[in-house]
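Heads up, the thing below is written out as structure tokens.
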Amino acid sequence: MSDEAPRRPFALVIIAAIYLFSLLLAVSNYGHPFPFMGRFCQGGAGERLVFGDSIICLYLFLGILKRQRLTVWLLIGYNLLDICNACVNLALIPVGAYAQLAGTPIPEAELRFSTIGAALLLILLSVYVFGNRRHFNNSSPYLF
Numbered sequence: 018m019s020d021e022a023p024r025r026p027f028a029l030v031i032i033a034a035i036y037l038f039s040l041l042l043a044v045s046n047y048g049h050p051f052p053f054m055g056r057f058c059q060g061g062a063g064e065r066l067v068f069g070d071s072i073i074c075l076y077l078f079l080g081i082l083k084r085q086r087l088t089v090w091l092l093i094g095y096n097l098l099d100i101c102n103a104c105v106n107l108a109l110i111p112v113g114a115y116a117q118l119a120g121t122p123i124p125e126a127e128l129r130f131s132t133i134g135a136a137l138l139l140i141l142l143s144v145y146v147f148g149n150r151r152h153f154n155n156s157s158p159y160l161f
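With our numbering applied, the sequence shown corresponds to residues 18 to 161, in that order.
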């Protein structure tokens, strides 16, 4: 009998790396306007949204590492909220507002393409997470 712990499946390593990157992106947005459901949230509201997003990403990352079963459904829900937010922002926020924040012109076609591409990637990621849900075998609702 071996004393080694079972190895973490490679599927979980990939998912954890993606959400660690998402956490780093969320933290790096602190202090900048945050586009949420069709408007830019600035100041205290924007900082609270970024903080909340960062905490959620941290929870998802730790839940993946702990193989928490609840995390599968939270990941899928978070991805769906992110897709809805991107689509609402694309429909309601003019391209000029993004260009003004970036300080450079942004072609509308490129903004639409990148937003739709990111939404498709999130859908594929959700399908990948759902397909690998058997690896999430920790039924405890607590991370620690």
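Think of the CB as a built atom: it goes at the ideal place given N, C-alpha and C, for glycine as much as any other residue.
Check, Outcome
"Thinking C-alpha only, which one of G148, G69 and R65 is nearest Y95?", "G69"
"Where does N155 sit, in a helix, a strand or coil, going by DSSP?", "strand"
"Can you tell me whether P212 is buried or exposed, with buried defined as 16 or more other CB within 10 angstroms of its CB?", "Any answer about residue 212 is impossible in this case: the structure gives the chain only from 18 up to 161."
"Give me, in chain order, the residues of the same chain whose beta-carbon lies closer than 7 Å to that of A116; leave out the 5 immediate sequence neighbours on both sides.", "P122 and I123"
"Let's see if you can read the secondary structure: which residues bound the beta strand (DSSP E) around R166?", "Residue 166 is absent from the structure shown; the chain starts at 18 and stops at 161."
"Do L87 and L77 count as a contact pair if the criterion is CB distance below 8 Å?", "no"
"So, for K83: in the same chain, excluding its five sequence neighbours on each side, which residues have a beta-carbon less than 7 Å away from its beta-carbon?", "N155 and L160"
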